[in-house]
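Listed in order, the protein sequences are those of chains A and B.
Quick note on my numbering: the first sequence kicks off at 207 and runs consecutively.
Quick note on my numbering: the second sequence kicks off at 101 and runs consecutively.
Reviewing the structure listed below.
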Amino acid sequence: MGAYLVRRLLLMAVTLVGMSILIFALLRMVPGNIADILMDASGNDDPKEKARIVHDLGLDRPVTEQYWQWIDGLAHGDLGYAFVSERPAIEEIAPRIPISGKLAGLAIVFAILLGVPLGVVSAVRQNTGLDYGLRVLSLSGLSFPSFWLGLLVLMASVQWFGTIPIYDADAHGFFAQVKMLALPAIVVGFRSSALIMRLTRSSMLEVLRQDYVRTARSKGASNASVNYDHALRNALLPVITVIGIEAAFLVGGLIVTETVFNIPGVARFLVEAIRWRDYPIVQNLTMLIAVVVVTMNFLVDMAYMVLDPRIKFG
Amino acid sequence: MRLTRAVWAAGVLGLVTVASPSFAQKQGGTLRISHRDNPPSASIHEESTISVVQPFMAVFNNLVVFDPKEKVNSPDHIVGDLADSWSWSDDKTKLTFKLHQGVKWHDGQPFTSKDVKCTWDALAGKDSDIIRKDPRKIWYNNLKDVTTNGDYEVTFVLGRPEPSFLTMLAGGYSPVYSCHVPDRVMRSKPIGTGPFKVVDFKRNESIKLVRNPDYFKKGKPYLDAIDWKIVPNRSTRLLGFQSGEFDMTFDSDVTFPLLKDVMAQKPNAVCEARPTNVNSNILINRDAPPFDNPQVRKALVLALDIKAFNQILSQGHDLDGAAMLPPPAGFWGMPADMLATLPGHSPDVEKSRAEARKIMEGLGYGPNKPLKIKVATRNIAIYRDPAVILIDQLKQIYIDGELDPIDTTIWYNKIAKKDYQLGMNLTGIGIDDPDVNFYENFYSTSDRNYTGYKNAEVDKLIDQQSAELDMGKRKKIVWEIEKKLADDVARPVIGHNVANTCWDPKVKGLVLQVNSIYNGWRFEDVWLDK
Numbered sequence: 207m208g209a210y211l212v213r214r215l216l217l218m219a220v221t222l223v224g225m226s227i228l229i230f231a232l233l234r235m236v237p238g239n240i241a242d243i244l245m246d247a248s249g250n251d252d253p254k255e256k257a258r259i260v261h262d263l264g265l266d267r268p269v270t271e272q273y274w275q276w277i278d279g280l281a282h283g284d285l286g287y288a289f290v291s292e293r294p295a296i297e298e299i300a301p302r303i304p305i306s307g308k309l310a311g312l313a314i315v316f317a318i319l320l321g322v323p324l325g326v327v328s329a330v331r332q333n334t335g336l337d338y339g340l341r342v343l344s345l346s347g348l349s350f351p352s353f354w355l356g357l358l359v360l361m362a363s364v365q366w367f368g369t370i371p372i373y374d375a376d377a378h379g380f381f382a383q384v385k386m387l388a389l390p391a392i393v394v395g396f397r398s399s400a401l402i403m404r405l406t407r408s409s410m411l412e413v414l415r416q417d418y419v420r421t422a423r424s425k426g427a428s429n430a431s432v433n434y435d436h437a438l439r440n441a442l443l444p445v446i447t448v449i450g451i452e453a454a455f456l457v458g459g460l461i462v463t464e465t466v467f468n469i470p471g472v473a474r475f476l477v478e479a480i481r482w483r484d485y486p487i488v489q490n491l492t493m494l495i496a497v498v499v500v501t502m503n504f505l506v507d508m509a510y511m512v513l514d515p516r517i518k519f520g
Numbered sequence: 101m102r103l104t105r106a107v108w109a110a111g112v113l114g115l116v117t118v119a120s121p122s123f124a125q126k127q128g129g130t131l132r133i134s135h136r137d138n139p140p141s142a143s144i145h146e147e148s149t150i151s152v153v154q155p156f157m158a159v160f161n162n163l164v165v166f167d168p169k170e171k172v173n174s175p176d177h178i179v180g181d182l183a184d185s186w187s188w189s190d191d192k193t194k195l196t197f198k199l200h201q202g203v204k205w206h207d208g209q210p211f212t213s214k215d216v217k218c219t220w221d222a223l224a225g226k227d228s229d230i231i232r233k234d235p236r237k238i239w240y241n242n243l244k245d246v247t248t249n250g251d252y253e254v255t256f257v258l259g260r261p262e263p264s265f266l267t268m269l270a271g272g273y274s275p276v277y278s279c280h281v282p283d284r285v286m287r288s289k290p291i292g293t294g295p296f297k298v299v300d301f302k303r304n305e306s307i308k309l310v311r312n313p314d315y316f317k318k319g320k321p322y323l324d325a326i327d328w329k330i331v332p333n334r335s336t337r338l339l340g341f342q343s344g345e346f347d348m349t350f351d352s353d354v355t356f357p358l359l360k361d362v363m364a365q366k367p368n369a370v371c372e373a374r375p376t377n378v379n380s381n382i383l384i385n386r387d388a389p390p391f392d393n394p395q396v397r398k399a400l401v402l403a404l405d406i407k408a409f410n411q412i413l414s415q416g417h418d419l420d421g422a423a424m425l426p427p428p429a430g431f432w433g434m435p436a437d438m439l440a441t442l443p444g445h446s447p448d449v450e451k452s453r454a455e456a457r458k459i460m461e462g463l464g465y466g467p468n469k470p471l472k473i474k475v476a477t478r479n480i481a482i483y484r485d486p487a488v489i490l491i492d493q494l495k496q497i498y499i500d501g502e503l504d505p506i507d508t509t510i511w512y513n514k515i516a517k518k519d520y521q522l523g524m525n526l527t528g529i530g531i532d533d534p535d536v537n538f539y540e541n542f543y544s545t546s547d548r549n550y551t552g553y554k555n556a557e558v559d560k561l562i563d564q565q566s567a568e569l570d571m572g573k574r575k576k577i578v579w580e581i582e583k584k585l586a587d588d589v590a591r592p593v594i595g596h597n598v599a600n601t602c603w604d605p606k607v608k609g610l611v612l613q614v615n616s617i618y619n620g621w622r623f624e625d626v627w628l629d630k
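See the structure below:
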């Protein structure tokens, strides 16, 4: 177990180093840099002014030096300065992480709370009207684009309640924040809940046909006990894998939802930073996402051990 | 015509509203406005976009300003701002301002004539720590020196008479900066003397301004604060306005198709259409085939159906004009009957196209042998849409165009390298003034003359109109330049854009100026009738 953990941690480190090189190289392969964009924004193309900006931002130094400076800074907790706002990158990134974190957390909680029970119900009531209805619901969750759903929710909100949930940085307290983020979280989480629902259903159907479930039934166990104590626990393994992956990939859904609901989180900020070729912001945020994905994978693997004692790592 | 009447009616109504004694301005309240995108920075002098001018003009003062109560920016509608008075020398080459005393920057430092000198030394190209980019340096080509006489008198010394110089100082792009605040601060949290102070400028989130309690114009501003919320999605912005989250839309944010939705959801909204003085135009690479041939350029412009562009793009609300914004909103543009004689503006499109086809056939092109070209444009809808219509219209004269959408970040780079054949472009004119427009966009030495158009005769005429003191004579030279630019197919204009700005009826004292969106955003006369 100990050796396995060390191996996994080493692999994580190597993966992250590889990611950092890839992020750094890809960013510089995209045409245009911040100086081009700043000049473009002001509609002039004075080579002298552009050269001054390039020099001030250190973009005229060798690429290897720029990479090393970034990694060295990262190792010392110095994320550098954002090119556009000219403030420390950490000051730009840090306040936005909790916003997206809360939204993603709420979305995943919503997805699990909706997806798992409905998946179980759908499997238990296979081929009934309820099952068909839930399958249609899950299909719609997978096929509705989140920007469309988001706009629809906003329009309905204006029509019926005369208001829209505009992000308010001054909303403090648990309930105020849940109230503000609930609608966007539902929009983001709807797709994930559909995926979880479908996977729970198919996984449950497979498990419900296993011998040990039949044995439990023949021993007189109640339906609830069979479904939830015996079947669900084993059916959850693939579902947990998907929840882990979905949590990591939720960033993609957040970009659209943060834009439609105007939430100043990291996802929208990242897209904006890419548009401006704000290297310090993009590099550090993408690395952060890489760390989250790698860590989520690691945690999912660990969760297998807890849920299925048959799995042994060595 | 319908629009013109509406604009002028709104203007009269605006004047009545401002002048009426029955409206006693109320103090207090926060004005909430949606912003369309992240401003590149907060430094007005370094940028060329309404995204910066609209929120940050309220932080500064100019020496003089276009009268905020007037709808038309014109040389005879200029009033003092930081300057109490001004006078020209007899030879019209020295412009002296007496400055208001006792004005303080937002950080408590006193404002003096040194700040004025600092600002215009930097803008004229001298080394400076207060700006790092200077997109309008061509405006100040004729400025030879700025001298001070004590703390409260400053003189601009010009190389030759230039009546527009005062006009250029009155626009939103001409705030006075302070000597003691470095460029980096000016870009993120600028210090001004204006009616509002910057509390916070958070990218992707908001711009918060609060009332400057020490503002030198006693009793102003009326508002306690202005909250700009950055909302990049237009649907969300407009839904926010309809639901009452915002008191006002971003300037010109409401297109004519969207106006119906807004009015249906919020019937009491006050919406005003006005020309933006932003025009859609065609960039032509005249240094490379096939448009190095004047005949091909002429055929191109004869193929244009301006009315069709207008109908498709703005339901017929855009204005047909040459280089300058046409009257009556525009102060300098040529009259309609003169405009109709210019290539590309003739009402008989079929006749023009027949002539264009003849030219193309003479050059060896025809239905079976079309001229293949690429039409480059920024990959943004407002640029792409007219480019697609252009491609369609060019088919009528055997030109087979292919759309070449360019990442917006490298647009000017590509144009500057002349790596294009035709380009669809938008040009915003900061002030409705011939010096501003002609020097920026058509003078041979300008950084912003993107096509590199060079015509010594036009340069001479531009200088000539610039020095002309008689307004009537000057207008005639301006029209002659417009005609020459059209005949030369320098940068054919396909339409001057018109769009709507809406606000809640409780917002009072707002006067939209009809010949430039870049002026009139000081907000010191705006109040909330709650």
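Here a beta-carbon is modelled for each residue, glycine too, at the ideal position from N, C-alpha and C.
Three-state secondary structure assigned by DSSP to residue i
i	result
B:T601	strand
B:K635	Outside the shown range of chain B, which is 101 to 630, sits residue 635 of chain B, and nothing can be said about it.
B:D713	Absent from the structure is residue 713 of chain B, since the part of chain B shown begins at 101 and ends at 630.
B:L199	strand
B:A456	helix
B:K192	coil
B:I482	helix
A:T421	helix
B:M524	strand
B:Y322	coil
B:S122	Annotation note: pLDDT 45 at B:S122 (below 50); position unreliable, coordinate value reported separately. B:S122 falls in the coil class under three-state DSSP.
B:I144	helix
A:F504	helix
B:V254	strand
Contacts of residue i in chain A (Cβ-Cβ under 7 Å)
i	result
B:P275	Within chain A, no residue comes near B:P275; the closest Cβ sits about 15 Å away, beyond 7 Å.
Closer than 8 Å at the beta carbon, the chain A residues around residue i
i	result
B:Q342	V364
B:D547	N250, D251 and D252
Endpoints, the beta strand (DSSP E) within which residue i is located
i	result
B:D587	Here B:D587 belongs to no beta strand (DSSP E); instead the alpha helix (DSSP H) covers M571 to D587.
B:S327	The sequence given here places Asp at residue 327 of chain B; Ser does not occur at that position. Note, B:D327: beta strand (DSSP E), A325 to I330.
B:S185	A183 to W188
Option nearest residue i by Cα separation, candidates the options
i	options	result
B:G620	B:S274, B:K289 and B:A516	B:S274
B:N549	B:I581, B:E580 and B:A516	B:A516
B:V578	B:D563, B:P592 and B:A590	B:D563
B:P261	B:N479, B:V298, B:K194 and B:Q209	B:K194
B:G208	B:P426, B:M438 and B:H280	B:H280
A:H378	A:L442, A:P304 and A:N433	A:P304
B:K366	B:V614, B:R484 and B:C602	B:C602
B:Q395	B:I480, B:R457, B:P321 and B:K318	B:R457
A:A496	A:A453, A:A257 and A:L348	A:A453
B:D507	A:F504, A:G238, A:G459 and A:L228	A:G238
A:G283	A:V499, A:F380, A:A479 and A:L494	A:L494
B:H206	B:P235, B:G225 and B:M286	B:M286
B:W239	B:A222, B:L383 and B:I406	B:A222
Within chain B, partners of residue i - CB distance below 8 Å
i	result
A:D246	T508, T509, I510, W511, Y512 and N513
Under 9 Å from the C-beta of residue i: neighbouring residues of chain A
i	result
B:L339	L357, L360, M361, S363, V364 and I370
Any non-hydrogen atom of the ligand ADP within 7 Å of residue i CB
i	result
B:N555	This structure lacks the ligand ADP; in fact it carries no ligand of any kind.
Chain B residues whose Cβ lies nearer than 7 Å to that of residue i
i	result
A:D417	By Cβ distance, chain B contributes nothing, its closest Cβ being about 54 Å from A:D417, past 7 Å.
Range covered by the alpha helix (DSSP H) that runs through residue i
i	result
B:A373	Taken as a continuous stretch (DSSP letters only), B:A373 belongs to no alpha helix (DSSP H), being part of the beta strand (DSSP E) at V370 to I384.
A:E412	F380 to L414
B:I150	I150 to F156
B:T219	S213 to L223
Residue ranges of each alpha helix (DSSP H) within the stretch 210-255 of chain A, 4 or longer: Listed in chain order, the complete alpha helix (DSSP H) runs (minimum 4 residues) inside the stretch 210-255 of chain A are 240-248.
Uninterrupted beta strand (DSSP E) stretches inside the stretch 443-492 of chain A (no shorter than 3 residues): Counting only runs of at least 3 residues, the stretch 443-492 of chain A fully encloses no beta strand (DSSP E) element at all.
Contained alpha helix (DSSP H) runs [length at least 4] in the stretch 274-312 of chain B, N- to C-terminal order: For the stretch 274-312 of chain B, whole alpha helix (DSSP H) runs of length 4 or above, ordered along the chain, are 283-288.
Inside the stretch 285-333 of chain A only - alpha helix (DSSP H) runs reaching at least 4 residues: List check, alpha helix (DSSP H) in window: 295-299 and 302-330.
Contained alpha helix (DSSP H) runs [length at least 4] in the stretch 484-516 of chain B, N- to C-terminal order: Under the rule that a run must span 4 or more residues, the alpha helix (DSSP H) segments found entirely inside the stretch 484-516 of chain B read 511-516.
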